Amino acid sequence: MASTEPEPRASATGNATTRGVDQTLGNTSTGASLMGEATIDRSEPDVPSDLIAIQRLHKETLEKQCEKLEVKTILIKEKVRTFQLVDHYTELTVISDLRHRKLVEHELLARGRDHEEWRQKQLRGELETIRTDKLFHSSFSKGSHSPSSQGSGSDSHTGISAVVSGVAGIGKTTMVQKIVHDWATGKIYPHFHFVFIFKFRDLNRLHDRTTLSRLIVEQYPNLRGVLDELWKHPETLLFIFDGLDEFRARIDFADSRRDTEPQRRCTDPEFLCDVSDIVYSLIQNKLLPGCSVLVTSRPTALQLLAKAQVSVWAEILGFVGEERREYFHKFFEDQEVAAAVYSHVEENELLFTMCYNPSYCWILALSLGPFFTRKHNNKQRVPKTVTQLFSYYIYNILSHHSVKMESPRDVMLKIGEMAFTGVSHRNIVFTDEDLIKYNLQPSQFLSGFLMELVERESSEHSVVYTFPHLTIQEFVAALAQFLSPHSKNTMWRLIRSDKEKDGRFEIFLRFVAGLSSPRAAQPLEDFLGPFVHQTTCAVIDWLNEKFKAQIKDTDTVTGKGKLLNSLHYLFESQNQALAQLTLGSEHTLSFGESSSGKALRLTPIDCVVVSQVIGLCDTIELLNLKNCYIQDEGLQRLVAALHKCQELW
Numbered sequence: 024m025a026s027t028e029p030e031p032r033a034s035a036t037g038n039a040t041t042r043g044v045d046q047t048l049g050n051t052s053t054g055a056s057l058m059g060e061a062t063i064d065r066s067e068p069d070v071p072s073d074l075i076a077i078q079r080l081h082k083e084t085l086e087k088q089c090e091k092l093e094v095k096t097i098l099i100k101e102k103v104r105t106f107q108l109v110d111h112y113t114e115l116t117v118i119s120d121l122r123h124r125k126l127v128e129h130e131l132l133a134r135g136r137d138h139e140e141w142r143q144k145q146l147r148g149e150l151e152t153i154r155t156d157k158l159f160h161s162s163f164s165k166g167s168h169s170p171s172s173q174g175s176g177s178d179s180h181t182g183i184s185a186v187v188s189g190v191a192g193i194g195k196t197t198m199v200q201k202i203v204h205d206w207a208t209g210k211i212y213p214h215f216h217f218v219f220i221f222k223f224r225d226l227n228r229l230h231d232r233t234t235l236s237r238l239i240v241e242q243y244p245n246l247r248g249v250l251d252e253l254w255k256h257p258e259t260l261l262f263i264f265d266g267l268d269e270f271r272a273r274i275d276f277a278d279s280r281r282d283t284e285p286q287r288r289c290t291d292p293e294f295l296c297d298v299s300d301i302v303y304s305l306i307q308n309k310l311l312p313g314c315s316v317l318v319t320s321r322p323t324a325l326q327l328l329a330k331a332q333v334s335v336w337a338e339i340l341g342f343v344g345e346e347r348r349e350y351f352h353k354f355f356e357d358q359e360v361a362a363a364v365y366s367h368v369e370e371n372e373l374l375f376t377m378c379y380n381p382s383y384c385w386i387l388a389l390s391l392g393p394f395f396t397r398k399h400n401n402k403q404r405v406p407k408t409v410t411q412l413f414s415y416y417i418y419n420i421l422s423h424h425s426v427k428m429e430s431p432r433d434v435m436l437k438i439g440e441m442a443f444t445g446v447s448h449r450n451i452v453f454t455d456e457d458l459i460k461y462n463l464q465p466s467q468f469l470s471g472f473l474m475e476l477v478e479r480e481s482s483e484h485s486v487v488y489t490f491p492h493l494t495i496q497e498f499v500a501a502l503a504q505f506l507s508p509h510s511k512n513t514m515w516r517l518i519r520s521d522k523e524k525d526g527r528f529e530i531f532l533r534f535v536a537g538l539s540s541p542r543a544a545q546p547l548e549d550f551l552g553p554f555v556h557q558t559t560c561a562v563i564d565w566l567n568e569k570f571k572a573q574i575k576d577t578d579t580v581t582g583k584g585k586l587l588n589s590l591h592y593l594f595e596s597q598n599q600a601l602a603q604l605t606l607g608s609e610h611t612l613s614f615g616e617s618s619s620g621k622a623l624r625l626t627p628i629d630c631v632v633v634s635q636v637i638g639l640c641d642t643i644e645l646l647n648l649k650n651c652y653i654q655d656e657g658l659q660r661l662v663a664a665l666h667k668c669q670e671l672w
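Numbering (my numbering), first residue to last: 24 to 672.
Here it is, written out as structure tokens:
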């Protein structure tokens with residue numbers, strides 16, 4: 024099955040690909056009590072006799088579609104490994120409360136700050152978790168639309184709208200695949216007679232008005248003759264829409280015109296409507312009242328659902344605790360290599376903090392594995408910064424394919440330009456038209472380098488392309504800046520990107536800073552040729568000027584945040600001369616305040632960076648972290664540099 028977001032098959036591992044939420048619940052006392060409440064009502068209506076054969080065929084179709092997971096890997100000759108879903112579904116944590124619904128934060132940073140806190144809550148039994156087979160039960164329903172708000176009892180015959188959120192790569196798509204597979208094989212949700220799954224990225228191809236019936240028939244032609252019968256019992260239907268953040272049409276639940284304008288009211292499966300109106304009407308219980316709906320989304324699109332009638336909010340947290348170690352041991356067949364890679368990750372606080380997300384574990388394993396094989400064994404060059412890590416990720420792909428490419432530099436520049444446009448417009452899904460616009464031929468993506476760098480997913484009606492992860496897209500966008508001969512354009516982009524306040528360019532800019540470092544650049548230059556020297560110099564000058572301006576402006580939380588970003592840039596650049604030039608005359612580093620409202624909350628990754636940057640210079644006398652909420656985890660990451668400070672607040 025292809026992924027529906029830029030993630031390497033959720034928690035894909037070499038031997039054991041994805042693991043889900045099935046066993047999390049029993050580990051928490053709160054979860055266990057919730058399990059007791061959420062028993063299935065066994066009085067589900069029987070499937071009508073004339074639908075039994077059709078349902079069997081429908082289930083067989085879905086089971087076949089969902090039974091396998093394909094994992095791309097640059098470490099083996101086969102390039103793709105296929106696994107049985109039921110054998111390799113990895114345990115993740117799904118919680119029954121969604122925090123910070125309006126949060127707009129980069130996927131590399133999002134949630135990392137809270138994972139240690141969540142792990143402690145889990146150990147204390149305070150973290151409510153949901154198993155995938157309990158998403159549609161009243162124990163977890165909240166709000167006016169929830170059946171449980173109008174009295175207890177079974178929700179088997181009443182529609183529930185559920186939203187499962189999670190950052191890119193955390194496992195949403197694979198969780199959906201597991202739900203559909205388990206339903207098709209009779210393991211869960213017997214009260215749903217038919218389940219329909221749609222990917223928002225596929226729905227993007229529909230520009231004309233359509234009907235719900237037509238959508239169903241296009242995807243499930245075997246149901247053509249029985250739809251009228253299905254519509255009679257909407258309470259037995261489950262609609263799944265995967266990847267709301269990838270939908271190019273906007274669904275605004277705060278827009279009351281959908282309910283008043285005749286052309287936008289979608290109350291019948293045979294009405295011609297925009298796809299967005301069909302999805303809206305299903306969630307709002309106006310189309311097929313009583314049916315259930317599941318929507319998955321990255322946090323960046325959740326604000327669209329703020330006014331929706333959602334019964335169950337849930338969030339996938341990813342790996343909590345020992346699951347991180349287990350991932351690496353299942354990725355590598357050679358357990359000595361697995362132990363060595365995990366040990367390096369565990370010792371590197373910055374890399375280790377990324378490991379709550381399965382897709383980052385995938386990138387780490389692919390990038391670091393070659394350093395610990397018996398053939399390579401070059402421990403001195405093992406990546407320590409995120410930029411170095413992604414540099415070796417691309418290096419490993421190029422080392423397998425560059426010989427077959429006519430001009431690796433030219434191709435990387437083109438795809439980097441496309442990637443940058445995507446970052447600018449928050450677009451993570453590309454089409455043949457996008458490729459052609461940047462002089463890339465779609466046929467190139469059927470083999471070799473481009474197939475490794477960009478995933479191609481085709482269906483009966485469309486072909487789309489995504490980077491394996493958003494962060495890889497941002498890295499390639501940053502890399503293109505050093506390949507372009509137009510250094511003035513790069514500086515204009517840096518200045519413009521730095522002014523955006525919504526965080527979309529934050530990691531892109533960190534990668535640009537990091538690629539100015541010879542250590543990050545050198546592996547790629549072996550295949551792509553030398554980086555443009557003027558660009559490297561210009562980036563260093565930009566970092567210098569930016570830092571000098573921001574070190575003086577720390578009176579506000581915004582000012583402190585900008586200074587912290589500059590420290591991240593400085594850390595990624597690994598430029599000790601630049602660190603001493605910018606910090607060498609400073610004696611105070613302040614992120615805290617006596618008022619918590621004026622202090623900047625620091626993540627564990629932030630503390631790693633502050634510690635490393637202080638280690639690059641010897642002048643910081645006072646480090647002010649009052650009310651920065653660093654907790655034990657953050658303090659541990661600062662310990663290595665604290666001896667250089669005379670005072671710590």
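Glycine is no exception: its CB is placed at the ideal position from the N, C-alpha and C atoms. Since the structure is predicted, the reported quantities are computational estimates derived from the model, not experimental observations.
Checking the sheet assignment: what are the DSSP bridge partners for residue i?
i, result
"Y488", "F453, R479"
"E670", "L645"
"D297", "None, per the DSSP bridge assignment."
"V446", "Bridge partners of V446: none, in fact."
"F262", "F219, V316"
"L238", "DSSP, once it has assigned bridges, lists no residue as partnering L238."
"L547", "According to DSSP, which records beta bridges pairwise, L547 is partnered with nothing at all."
"V186", "V318, W336"
"V117", "I339"
"T152", "I118"
"S613", "N647"
Thinking C-alpha only, which one of the options is nearest residue i?
i, options, result
"K522", "T581, I574, A561, L551", "T581"
"Y418", "C630, G638, F550", "F550"
"V632", "S619, L661, D576", "L661"
"H423", "M435, A324, E475", "E475"
"L261", "L295, K621, V316", "V316"
"T444", "V499, E429, I420, F395", "V499"
"V486", "V452, A337, A503", "V452"
"Q242", "Q669, T259, L229, F221", "F221"
"G182", "D265, P406, F159", "F159"
"H448", "L412, Q504, F528, L391", "F528"
"P508", "E83, D525, T559, Q545", "T559"
"T323", "V364, H352, G266", "G266"
"A572", "L421, T605, K649, V535", "T605"
"V293", "R321, R247, C668", "Note on identity: in this sequence residue 293 is Glu, with Val being the wrong assignment. When only C-alpha atoms are compared, the closest one is R247."
"T14", "D457, Q78, A361", "Because the chain in this structure spans residues 24 to 672, residue 14 falls outside the shown range and cannot be described."
"R79", "T319, L623, K91, W206", "W206"
"K511", "F351, S634, L463, W565", "W565"
Would you check if the distance between the CB atom of residue i and the CB atom of residue j is smaller than 9 angstroms?
i, j, result
"C89", "K255", "no"
"W385", "F342", "no"
"S184", "I339", "no"
"E480", "R533", "no"
"M377", "V335", "no"
"L586", "T611", "no"
"V203", "L311", "no"
"E497", "I518", "no"
"N567", "F614", "no"
"G192", "P381", "yes"
"E372", "R348", "no"
"L671", "V636", "no"
"S617", "L538", "no"
"L506", "R432", "yes"
"S320", "V117", "no"
"N588", "S540", "no"
With a threshold of 9 angstroms between beta carbons, is residue i in contact with chain C?
i, result
"W206", "Among the chains of the structure shown, chain C does not appear; only one protein chain is present."
So does the stretch 238-251 actually touch the stretch 199-212, counting three or more Cβ pairs closer than 8 angstroms? No, the stretch 238-251 is not in contact with the stretch 199-212.
Please give the ranges of any alpha helix (DSSP H) in the stretch 334-413, keeping only runs that are unbroken, at least 4 residues long and fully inside the region. Fully enclosed alpha helix (DSSP H) runs of 4 or longer: 346-354, 358-370, 372-376, 381-391.
Considering only residues of the stretch 503-537, which uninterrupted alpha helix (DSSP H) runs meet the minimum length of 4 residues and lie entirely inside it, listed in chain order? Within the stretch 503-537, the alpha helix (DSSP H) runs of at least 4 residues that lie entirely inside it are, in chain order, 510-522.
Does the stretch 220-237 come close enough to the stretch 491-509 to have 3 or more Cβ pairs within less than 8 angstroms? The way I'd put it, the stretch 220-237 doesn't touch the stretch 491-509; fewer than three beta-carbon pairs between them come closer than 8 angstroms.
At a cut of 8 angstroms, does the stretch 260-280 reach the stretch 296-304 through at least three beta carbon pairs? The answer is yes - the stretch 296-304 touches the stretch 260-280, with three or more Cβ pairs under 8 angstroms.
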